[in-house]
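For the sequence shown, the working numbering begins at -12 and goes up steadily by one.
Positions of the beta carbon are idealized from the N, C-alpha and C atoms, including for glycine.
Being a predicted model, the structure only gives us computed values, none of them experimental.
The block underneath contains the structure these notes are about, expressed in structure tokens.
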Amino acid sequence: LRLPLMDCARARTELGWRSTREATEVLEEFLEGMRQGAGAPTEPMRGRKAG
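Right, dumping it as structure tokens:
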């Protein structure tokens, strides 16, 4: 899979942030939410006009 990776080095360095969950746990939760159709209804995004 070609998935974007998040580099959290700056958050760790500047804010002292530390992850509390493993990436695989978050991915599994995300995929389960997609499977269930979870989430709140949102307005469609406005298209960008070229030119």
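List the whole-angstrom C-beta distance separating R8 from R(-1), where the pair is believed to meet the contact cut-off of C-beta under 8 Å. The Cβ separation is near 15 Å, so there is no contact.
Distance check for G24 and R(-11), CA to CA, integer angstroms please. 22 Å
In this structure, how does DSSP classify A27 when only helix, strand and coil are distinguished? coil
Assuming L(-8) is part of the alpha helix (DSSP H), what are its boundary residues? In this chain, L(-8) is not harboured by any alpha helix (DSSP H), its DSSP state being neither H nor E.
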